[in-house]
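2 protein chains.
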Amino acid sequence: MTTQHLIQQIHQKQSFLCVGLDVDLTKIPEHLLQYEDPIFEFNKRIIDVTHDLAVSYKPNTAFYEAYGIKGWKSLEKTIRYINEKYPDIFTIADAKRGDIGNTSSMYAKAFLEDLDFDSVTVAPYMGKDSVEPFLAFENKHTIMLALTSNEGAFDFQTLEVNGEELYKKVIATSKTWKNSQNLMYVVGATKAEYFSEIRKIIPDSFLLVPGVGAQGGSLSEVCCYGMNTNVGLLINSSRGIIYAASGMDFAEKARAEALKIQQEMQRILANR
Amino acid sequence: MTTQHLIQQIHQKQSFLCVGLDVDLTKIPEHLLQYEDPIFEFNKRIIDVTHDLAVSYKPNTAFYEAYGIKGWKSLEKTIRYINEKYPDIFTIADAKRGDIGNTSSMYAKAFLEDLDFDSVTVAPYMGKDSVEPFLAFENKHTIMLALTSNEGAFDFQTLEVNGEELYKKVIATSKTWKNSQNLMYVVGATKAEYFSEIRKIIPDSFLLVPGVGAQGGSLSEVCCYGMNTNVGLLINSSRGIIYAASGMDFAEKARAEALKIQQEMQRILANR
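These protein sequence lines are chains F and B, in that order. In terms of the numbering used here, the first sequence is numbered consecutively and its last residue is 286. In terms of the numbering used here, the second sequence is numbered consecutively and its last residue is 286.
So this is what it looks like as C-alpha cells:
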C-alpha cells in the first residue's frame with residue numbers, strides 16, 4: 015500500500031486506529047474453542063465488526079509463534095483474510111526483527127512478500143545493514159522502534175549520546191539510509207511530551223503509537239504533539255478492544271470500544 | 015542445560031564450536047530436494063557427521079520463517095532430533111527477539127519451553143522488562159546482542175554514552191537484571207580487540223561469537239582476548255561448514271571443515 019492510499023483511508027474513515035491482534039487462547043471467549051482454529055475465528059469476527067472503524071490491523075507475531083505451527087497457520091489465515099476481504103486495510107506484522115544483512119533479507123521476504131503484509135516492525139540495534147533489506151520493497155513499509163512504551167525504554171533509548179538522546183540519534187541516522195522514505199517509527203504514547211521533539215527530526219513520517227489505553231497513554235495528548243498535516247499517526251489499541259468482553263457478545267463489545275476511539279479521533283480531526 | 019554441563023562438554027570434546035544451521039533451499043545439495051522436508055534432511059546429515067566435533071547448534075529462525083509453516087516444521091523437527099539423539103548438545107534459537115514484557119514472555123515460552131531450546135538470542139533496545147521474561151527459565155540461557163559482527167554495529171553500538179560505548183553500557187546494565195546469571199552475550203569476532211574490554215565487565219560470562227570465517231574474524235585472536243578460565247566462548251561457523259560442498263559428498267566435506275576448526279580449538283586449549 016502506498017502512503018497516499020493510507021492517508022486517503024484515514025480521511026475516508028475519519029480514523030487512524032490500528033487494532034492489535036495479540037490473541038491469547040486463555041483470553042478469548044470459550045465458545046470459540048470448539049473450532050479447529052479458534053484464533054483465526056476470533057480474529058475474523060473482530061475484523062468483521064471493526065474494519066470500517068480501523069485503518070490498520072497489527073498481529074504481534076509472538077502470540078502466534080507461541081502456538082508453534084498451529085499459530086503460524088492462524089497468522090497466515092488472518093493476513094490472507096484481511097488482504098482478500100479488506101484490501102484497503104494497512105497491515106502490520108509486529109515482529110521486531112533485525113539481523114545481519116542476508117538474514118534480514120529472509121525476514122523481509124517472509125513478512126512483506128510471502129505473507130504480503132504492508133509493513134513489518136524492526137529493531138534498530140544492529141544498524142543500517144540490518145534494516146535496509148526491509149526498505150528495499152516498493153510500497154511496503156518498515157516501522158522501526160524509536161521510543162517504546164515500556165519501562166525499559168529508559169534503560170538505553172533515552173541515554174545521551176553526544177548531547178542527544180539515543181532514540182533521536184537512531185531516528186536521525188535512519189534518514190540517511192537507502193529508501194528511507196519507506197520508514198515509519200514506533201513511538202510510545204506513554205511519552206507524549208517527546209512527540210514534539212521527534213516531529214522536529216521527522217515532520218512527515220508516520221508514527222505507530224502503542225500504549226494508549228491499557229498502558230496509560232492519552233490519545234488527545236499524543237495527537238496534540240504528534241499529528242502532522244497528513245495526520246501521520248497510527249494509534250494502536252489491542253487489549254482494550256479485543257478483550258472488551260469475553261462472552262457471546264464479545265464482538266459487539268469490541269466494536270463499541272473501537273467506535274468510542276474512532277469517534278474521539280473524528281472529533282480530533284474536525285478540530286485541528 | 016546447566017553452564018557446568020556445557021563447560022564439561024567443551025573439555026570432553028576439546029571443542030567450543032557452534033554450527034549455525036542457516037539453511038537456504040537454494041544452497042543445499044540438489045539430491046536432497048526430492049525429500050518431503052529437504053531442510054530437515056540436510057540438518058540431520060550435518061548434525062550426524064559433526065555432533066562429536068561441536069558442542070552447540072544454532073538454527074537462525076529467519077531461514078525457517080522464510081518458508082512459512084513448512085519452515086517451522088523443519089525447525090521443530092530439527093530441535094526435536096537434536097534433543098532426542100544428542101542431549102548433550104547446547105541448542106541456540108537465534109531469533110533476536112525482544113518486546114514488551116507480556117509479549118517477550120510469549121516468545122520465551124515458544125523457544126525455551128515448547129521448542130525446548132537451551133537458549134535464545136535477544137535484542138537489548140527495549141531494555142530490562144523486554145529481556146527479564148527470558149531470564150526466568152531455570153537452566154536456560156538468554157544470549158543478548160552486545161557487539162555484533164556486521165558493519166551496522168558501528169551505527170549505534172559503539173556510540174559513546176556518558177563516556178563509555180553503548181555496548182558496554184548495555185552489558186553492564188544487564189548485570190543488574192533479575193536472574194542475570196542466565197545471560198550470555200553475542201560479540202562479533204570481527205572486533206577481536208574489543209574482547210579484552212568486554213572481559214573487564216563480564217569476566218565469567220559465555221560469549222557467542224559469530225563472524226569467524228565467512229565474515230573475516232580470526233579464531234586465535236578471539237581466543238587470545240576473549241577466553242576465560244572456563245573457556246567462556248562459543249564460536250559459531252555457519253556457511254563455512256554447512257556449505258563446504260554441494261555434491262553427494264557434502265556431509266563428509268562439512269565434517270572435514272568442522273574437524274579443522276575443532277583441531278585448531280584443541281591446540282588453543284592445550285597451549286593456554
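All C-beta atoms, glycine included, are put in the ideal place defined by N, C-alpha and C. Nothing here was measured: the structure is a model prediction, and the numbers come from that model.
- Beta-bridge annotation (DSSP): Gly34 of chain F is paired with F:Lys72.
- Looking from the CA of Gly231 of chain B, the closest CA among B:Ser252, B:Leu248 and B:Thr204 belongs to B:Thr204.
- Contact check for Ser119 of chain F against Thr156 of chain F fails: the beta carbons are separated by 8 Å or more.
- Closest in alpha carbon position to Phe56 of chain F, among F:Lys41, F:Ser163, F:Leu67 and F:Val69, is F:Lys41.
- Per DSSP, the continuous alpha helix (DSSP H) segment holding His19 of chain B begins and ends at Thr17 to Lys27.
- For Asp128 of chain B, the chain F residues whose C-beta falls within less than 8 Å of its own C-beta are Ala80 and Gly82, listed in chain order.
- Close to Leu159 of chain F, with beta-carbon spacing below 8 Å, are these residues of chain B in chain order: Tyr139 and Met140.
- Taking a contact as a CB-CB distance under 8 Å, the pair Leu161 of chain B and Val223 of chain B does not count as one, their CB atoms being some 10 Å apart.
- Annotation: the stretch 113-192 of chain B contains the following complete segments of the alpha helix (DSSP H) (minimum length 4 residues), in chain order: 115-122, 142-149, 167-170 and 180-188.
- Between Leu126 of chain F and Ala68 of chain F, the alpha-carbon positions lie close to 21 Å from each other.
- For Arg111 of chain F, the enclosing beta strand (DSSP E) begins and ends at Phe104 to Arg111.
- A direct Cα-Cα distance of roughly 11 Å separates Asp128 of chain B from Arg94 of chain B.
- Under the Cβ criterion (8 Å, minimum of three pairs), the stretch 59-73 of chain F counts as touching the stretch 22-40 of chain F.
- With a cut-off of 8 Å on Cβ pairs, the stretch 143-150 of chain B is not in contact with the stretch 96-104 of chain F, counting fewer than three such pairs.
- Exclusion of the five residues before and after Tyr181 of chain B leaves Ala160, Leu161, Gln171 and Thr172 as the residues of its chain whose Cβ lies within less than 7 Å of its Cβ.
- Look at Tyr78 of chain B here: in three-state DSSP terms it is helix.
- Sequence-distant partners of Ala206 of chain F (beyond 5 residues in either direction) whose C-beta falls short of 7 Å from its own C-beta, in its chain, are Gly231, Ser232, Glu235, Val236 and Tyr239.
- Under the three-state reduction of DSSP output, Ser234 of chain F falls in the helix class.
- Contacts with chain B (Cβ-Cβ distance below 8 Å) from the stretch 166-181 of chain F involve Gly166, Ala167, Phe168, Asp169, Phe170, Gln171, Leu173, Glu174, Val175, Asn176 and Leu180, listed in chain order.
- In the structure shown, the three-state DSSP call for Leu222 of chain B is strand.
- By the CB criterion at 8 Å, Tyr121 of chain B and Glu79 of chain F fall inside the cutoff.
- Within the stretch 110-123 of chain B, the residues whose Cβ lies closer than 8 Å to some Cβ of chain F are Lys110, Arg111, Gly112, Asp113, Ile114, Gly115, Thr117, Ser118, Met120, Tyr121 and Lys123, listed in chain order.
- Proximity of Thr187 of chain F to chain B, defined by a Cβ-Cβ separation below 8 Å, is satisfied.
- Pairing Ile275 of chain F with Ser251 of chain F gives a Cβ-Cβ distance under 8 Å.
- Scanning chain F for C-beta atoms nearer than 9 Å to the C-beta of Glu90 of chain B yields Gly82 and Ile83, reported in chain order.
- No Cβ of chain B is located within less than 8 Å of the beta carbon of Asp132 of chain F.
- Contacts with chain B at 8 Å (Cβ-Cβ) include Asp143 of chain F.
- For Ile282 of chain F, the closest C-alpha among the options F:Asp36, F:Arg269, F:Pro138 and F:Met241 is that of F:Met241.
- Put simply, the CB of Thr162 of chain F is near chain B, with a gap under 8 Å to one of its CB atoms.
- Listed in chain order, the positions of the stretch 239-262 of chain F with a beta carbon within less than 8 Å of a beta carbon of chain B would be empty, since no residue qualifies.
- A Cβ-Cβ separation of about 28 Å leaves Asn74 of chain B out of contact with Thr190 of chain F under the 8 Å criterion.
- Contact of Phe77 of chain B with chain F by beta-carbon distance below 8 Å involves Thr117 and Met120.
- Secondary structure of Asn242 of chain B (DSSP, three-state): strand.
- As the crow flies, the alpha-carbon of Glu271 of chain B is around 33 Å from that of Asp169 of chain B.
- Beta-bridge pairing by DSSP links Tyr199 of chain F to F:Met158 and F:Leu221.
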